[in-house]
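One structure is given here, and the rest of the page talks about it.
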Amino acid sequence: MTRVSGITSVLILTASLLVVVFSPAGSASPAGRNRGQGESVSQLPGNNFRKTTTRHFLIYSDADAAWTRARAAILERTALQVERAGKRLGIKYVPPDERLVCILFEHYDDYLRYAVQEDGVSSVWVAGYYASRANHIVFYNDEDSPAAREADDVLSDADRQAAEYRQKQLEAARKGRTEEADFYSDHYRNLQSQLKEERLRLREVINKTSLAKTVHEATHLLAFNTGLQSRNHDYPFWITEGLATNFETDAAGSAFGPEYDYQPRRERFRELLQNGELLPLRYFVSLSDVPDDSAEMADVMYHQAYALVMYLYRYQRSNLSAFLNDALDPPGGKMSPAEQIKYFEDHFGPAEKVEKRWLRYETKNI
Numbered sequence: 016m017t018r019v020s021g022i023t024s025v026l027i028l029t030a031s032l033l034v035v036v037f038s039p040a041g042s043a044s045p046a047g048r049n050r051g052q053g054e055s056v057s058q059l060p061g062n063n064f065r066k067t068t069t070r071h072f073l074i075y076s077d078a079d080a081a082w083t084r085a086r087a088a089i090l091e092r093t094a095l096q097v098e099r100a101g102k103r104l105g106i107k108y109v110p111p112d113e114r115l116v117c118i119l120f121e122h123y124d125d126y127l128r129y130a131v132q133e134d135g136v137s138s139v140w141v142a143g144y145y146a147s148r149a150n151h152i153v154f155y156n157d158e159d160s161p162a163a164r165e166a167d168d169v170l171s172d173a174d175r176q177a178a179e180y181r182q183k184q185l186e187a188a189r190k191g192r193t194e195e196a197d198f199y200s201d202h203y204r205n206l207q208s209q210l211k212e213e214r215l216r217l218r219e220v221i222n223k224t225s226l227a228k229t230v231h232e233a234t235h236l237l238a239f240n241t242g243l244q245s246r247n248h249d250y251p252f253w254i255t256e257g258l259a260t261n262f263e264t265d266a267a268g269s270a271f272g273p274e275y276d277y278q279p280r281r282e283r284f285r286e287l288l289q290n291g292e293l294l295p296l297r298y299f300v301s302l303s304d305v306p307d308d309s310a311e312m313a314d315v316m317y318h319q320a321y322a323l324v325m326y327l328y329r330y331q332r333s334n335l336s337a338f339l340n341d342a343l344d345p346p347g348g349k350m351s352p353a354e355q356i357k358y359f360e361d362h363f364g365p366a367e368k369v370e371k372r373w374l375r376y377e378t379k380n381i
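Numbering (this note's numbering), first residue to last: 16 to 381.
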């Protein structure tokens, strides 16, 4: 039973590893238009996908109807919060010409097969993604995630152990061995109680994971279709993922965005800061993606991007606004690491000075 108490941390790790996937520079459609409604759904496997239409989104899902409706509500809630934050950044909101496409899978294996075959996404740690070429988001029901499956296996092992305790209790009672029967009865009741508690915790973590992922991927889709970001421009990792992680929440009914901390991200960032695991800012802002497709590096980069964007939004908002607005102007295309650094420093100042101010602030507020 030592493994049962560890299942929640497994799922939290899954929740932290969300990614946006970009097409090659120059291959995307003009920002503000979803060119891919037909293309996005032409290769969906099977005949079980149902279409759900909301104000901003066109959702194709083979998942449970109630779960899909809940995702639809979260997507619309995210649209409201992204528009609100964009206005506070001074970014002109451009409504998309068409509803934005979301593809939802009930099962992880079907999701992964589609991701590999249709969008070229092969990283097993990717829990959901935005594909700019097709201009859609894709993710799956976290109840069928690898981490949830592992947790279910742990709980099933514990169920079998509980059944053994129960059987031994009954056998001892039939033979009149009262002390032995009481021993197994206590073990059975304690294990059953723990299993009930862990299943409730598992459900809570799955729900929070699914909520955060839905908001994260919706933010990408909205940002690249409503004027916050342009699909013609090659953005550094920190700004694209920093924006998406800043909208993650575990309470979609309340306001969320860069004005509100999301504790799982905040707590993990503080661990990385205290352990000296953050990347040098000059190097970090030069990166367009995760080096070597490393899950460990992704863990650092997502949380570092979260904290950096929140800091800039709160304390250098006009600079952040200029950074985003200027990126909307042509020419677009791919930028070299050196060009990414220069673009950052042109808007925020020398990377080393920004880093010093930022980390001094973060250290003070641990």
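Even glycine gets a Cβ: it sits at the ideal position worked out from N, Cα and C.
Computed from a predicted model, the values in this text were never measured in an experiment.
According to DSSP, is residue i helix, strand or coil?
i: H248; result: strand
i: I106; result: coil
i: A146; result: strand
i: Y358; result: helix
i: H202; result: helix
i: G41; result: Bear in mind that the predicted position of G41 carries a pLDDT of just 30, short of 50, making it unreliable; the figure below should be weighed with that in mind. Coil.
i: F299; result: helix
i: G101; result: helix
i: T264; result: coil
i: I381; result: coil
i: F72; result: strand
i: L294; result: coil
i: Y155; result: strand
i: Q338; result: Going by the sequence as given, residue 338 is Phe instead of Gln. Residue state, collapsed to three classes: helix.
i: F284; result: helix
i: L119; result: strand
i: Q58; result: coil
i: L90; result: helix
i: V305; result: coil
i: L127; result: helix
i: R192; result: coil
i: R114; result: coil
i: T229; result: helix
i: W140; result: coil
i: P161; result: helix
Apart from the five residues just before and just after residue i, which ones in its own chain have a Cβ nearer than 8 Å to its Cβ?
i: F120; result: S76, D77, A78, Y126, Y129, V153, F154, Y155, N156
i: I381; result: R285, L288, Q289
i: V305; result: V34, F252, M312, A313, M316
Using the C-alpha atoms, what's the distance from residue j back to residue i?
i: W373; j: L323; result: 8 Å
i: A196; j: K183; result: 7 Å
i: T234; j: D361; result: 26 Å
i: E282; j: P273; result: 16 Å
i: Y358; j: Q207; result: 58 Å
i: H248; j: R114; result: 22 Å
i: A267; j: R99; result: 14 Å
i: L59; j: V97; result: 29 Å
i: P345; j: A162; result: 43 Å
i: N290; j: E377; result: 13 Å
i: A94; j: A166; result: 33 Å
i: F338; j: T264; result: 25 Å
i: Y328; j: N63; result: 42 Å
i: W82; j: I221; result: 12 Å
i: S303; j: P352; result: 8 Å
i: D314; j: L296; result: 16 Å
i: E133; j: D307; result: 22 Å
i: L287; j: M312; result: 11 Å
i: E384; j: Y326; result: An answer regarding residue 384 cannot be provided, because it is not within the stretch 16 to 381 covered by the chain.
i: A80; j: G143; result: 19 Å
i: Q319; j: E213; result: 31 Å
Spatial neighbours of residue i within its chain, please: C-beta separation below 6 Å, excluding the five flanking residues on both sides.
i: Y123; result: Y155, D159, S160
i: N334; result: H362, F363
i: V139; result: none
Tell me the DSSP bridge mates of residue i?
i: K223; result: Answer is none; K223 lacks a bridge partner.
i: A257; result: Checking the sequence shown, residue 257 turns out to be Gly, not Ala. According to DSSP, which records beta bridges pairwise, G257 is partnered with nothing at all.
i: K66; result: Y75
i: G348; result: H248
Taking 7 Å as the limit between beta carbons, can you name the residues of its chain near residue i, skipping five residues before and five after?
i: R181; result: Y203
i: Y321; result: G257, T260, N261, R280, F284
i: K107; result: G242
i: K200; result: First, the amino acid is wrong: residue 200 is Ser here, not Lys. Here the set comprises Q184.
i: A270; result: Q96
i: V369; result: L296, F363
i: R419; result: Absent from the structure is residue 419, since the part of the chain shown begins at 16 and ends at 381.
> Is it a yes or a no for the stretch 186 to 193 touching the stretch 202 to 219, going by three-plus beta-carbon pairs under 8 Å?
Replying inline: Output reads no: the stretch 202 to 219 does not touch the stretch 186 to 193.
>> With a threshold of 8 Å, are at least 3 pairs of Cβ atoms found where one atom belongs to the stretch 83 to 93 and the other to the stretch 226 to 244?
In response: These segments touch.
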